[in-house]
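> What follows is a single structure, and I will ask about it in a moment.
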Amino acid sequence: MISLAAISLTPSAREWLSATTTARVLNSFDRACNLINQNNDILALVASERGLTPFAMVVASEERFPFRAVTESSIVRIESRRFSVGPLQITIDTPRLWNPIPDWAAVRQMFADHFELPEALPATALEVSPAGSLLELFLSPERRTASAPMLDRAAQGANKLVAGLHAGSLEQCVAGAKMLAGAGGGLTPAGDDFIVGVLLAAWAGLFGERSEGREQMGQAIAQTAAPLTTTLSAAYLHAAARGECMIHWHDLFAALLASNESAVREALRALTSVGHTSGADALAGFLFVGVKELS
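Residue 68 is where the sequence shown starts when you use our numbering, and the numbers rise one by one after that.
Here's what the structure looks like:
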């Protein structure tokens, strides 16, 4: 048995532990493992604070790759102050609570004071991000390397979703979300990541004075997209609709609030390095608010 200790967790992770009676391994990697319970809620076990997501618990381990021994067939047992996942036993004593909700009031004020940021950031993001992401929607067609059919589908869905949020049209938003949901491969398809970014943009006030109503529309958008995609991606969609995001977004907002150009660049690099292109795809959605309609 390998012993691990929980050192931090989110409110959703804490609720998962109290509500779970049965669980199984959804998927596992060297330094992370996702569990799913009887309610289809997810707990992400991660080996670093850099892996904090809206539904994560960080564990301390002497092993560099603590989850390498875990498979999808590993047995999960839940007890009061600890639980086990295959050969891993995780104790939960006094973990620090991490809030996945940024200071949206400060972020909204920042973007109100610096309205040019959504149009200025894509250039830097493209410099530091991997090729083939939905950030290429900001490029002219001849400079794109991502799949043309994928970009075309994403552009159509993005136009509808963002135009719907600007206009306050739930019908348009739902149509756009349906086009984007599940588009692309992987555990969190690119289209879903893009929607996550758009939902966070609504929380950041990027859809104008009536952004509060847009936040409420976000719940309907997430509910539309979630059944059309993977379980993990659905969890991120619902979290974004609640205004929750992974730690990389918090770092980006902190750098922007500090007007620190080098820190902004590094935060963009870190965010766009998440997954294959997941972070970059989400950033594309966040920044798409100021884009003219694409063909």
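The beta carbon of each residue, even a glycine, is placed where N, CA and C say it ideally should be.
1) First and last residue of the alpha helix (DSSP H) that includes Gln156?
2) Measuring CB to CB, does Leu239 end up less than 8 Å from Gly231?
3) Rounded to whole angstroms, what's the CA-CA distance from Thr298 to Leu350? Just pull it up for me.
4) Since Thr39 and Ala257 should fall inside the 8 Å C-beta cutoff, what is the C-beta to C-beta distance between them, to a whole number of angstroms?
5) What residue range does the alpha helix (DSSP H) around Leu84 cover?
6) Considering only residues of the same chain and omitting the five flanking positions on each side of Val229, which have a CB-CB separation below 8 Å?
7) Would the segment 142 to 154 count as touching the segment 306 to 318 if we require 3 or more Cβ pairs under 8 Å?
8) Applying the 10 Å Cβ sphere with the 16-neighbour rule, what's the burial state of Gly352?
9) Pick helix, strand or coil for Met124, following the three-state DSSP scheme.
10) Where does Ala73 sit, in a helix, a strand or coil, going by DSSP?
11) For Arg91 versus Ile103, is the C-beta spacing smaller than 8 Å?
12) Need the endpoints of the alpha helix (DSSP H) that Ala179 sits in, please.
13) Just confirm the distance between the C-beta atoms of Gly252 and Thr296, as a whole number of angstroms; I'd bet it's less than 8 Å.
The answer reads as follows:
1) Along the sequence shown, read from residue 1 onward, the residue named residue 156 stands at position 89. Where Gln156 is concerned, there is no enclosing alpha helix (DSSP H), although the beta strand (DSSP E) it sits in stretches over 155 to 158.
2) Working through the sequence shown from its first residue, we reach residue 239 at position 172. Working through the sequence shown from its first residue, we reach residue 231 at position 164. Per the sequence shown, residue 239 should be read as Gln rather than Leu. In this structure, Gly231 lies closer than 8 Å to Gln239 by Cβ.
3) On the sequence shown, residue 298 is found 231 positions in, with the first residue counted as 1. On the sequence shown, residue 350 is found 283 positions in, with the first residue counted as 1. Approximately 21 Å between the Cα atoms of the pair.
4) Limits of the chain in this structure are 68 at one end and 362 at the other, which puts residue 39 out of reach.
5) Along the sequence shown, read from residue 1 onward, the residue named residue 84 stands at position 17. Element bounds for Leu84: 78 to 86.
6) As a working note, residue 229 is residue 162 in the sequence shown. Closer than 8 Å at Cβ, skipping near neighbours: Gly243, Val265, Phe355, Val356, Val358.
7) no
8) Position 285 of the sequence shown, counting from 1, holds the residue named residue 352. Buried: at least 16 other Cβ atoms inside 10 Å.
9) Reading the sequence shown from its first residue, position 57 is the one you call residue 124. Reduced to three states, the DSSP call for Met124 is strand.
10) For this step, residue 73 is matched to residue 6 along the sequence shown. Strand at Ala73.
11) Numbered from its first residue, the sequence shown carries residue 91 at position 24. Numbered from its first residue, the sequence shown carries residue 103 at position 36. In this structure, Ile103 lies closer than 8 Å to Arg91 by Cβ.
12) What you label residue 179 is simply residue 112 of the sequence shown in a count that begins at 1. That run of the alpha helix (DSSP H) goes 171 to 180.
13) Here the question's residue 252 lines up with position 185 in the sequence shown. Here the question's residue 296 lines up with position 229 in the sequence shown. Contact doesn't hold; Cβ gap of about 11 Å is too wide.
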